[in-house]
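Structure first, then comments.
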Amino acid sequence: MLTLLFLRYMRTKMGQHLPVTDFDIQALIDHELSQEDEKRVKAFLKTNACAQKRYNDLKEQKALIQKWANNSFFH
């Protein structure tokens, strides 16, 4: 989380947008981005097939972990 806050600060302070990182994609999945950053990352995903695949893989991974956790801890 500290890394995300630092990156947000640097984007604001420097007046520019840094490239979309793996952390940004993970934060999008976890709903940890500001509205501005969410729009920026989603726009990037629409134009970059590799990043879109990474997003899909991470989303699937999160769903599998949640499914495993629900089955392991509550049944």
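Throughout, this note's numbering is defined as the position within the sequence shown, counted from one, plus 387. Glycine included, each C-beta is placed from N, C-alpha and C at the ideal position.
Between Lys440 and Ile416, the CB-CB gap reaches or exceeds 8 angstroms. The distance from the Cβ of Ala438 to that of Ile412 is about 7 angstroms, consistent with a contact at the 8 angstroms cut-off. Assigned with DSSP and collapsed to three states, Ser421 falls in coil, not helix or strand. Each residue's CA atom was taken as its position, placing Gln422 and Tyr442 some 18 angstroms apart. For the pair His418 and Asn458, the Cα-to-Cα distance works out to about 24 angstroms. For Leu405, no alpha helix (DSSP H) segment is defined, and its DSSP state is neither H nor E.
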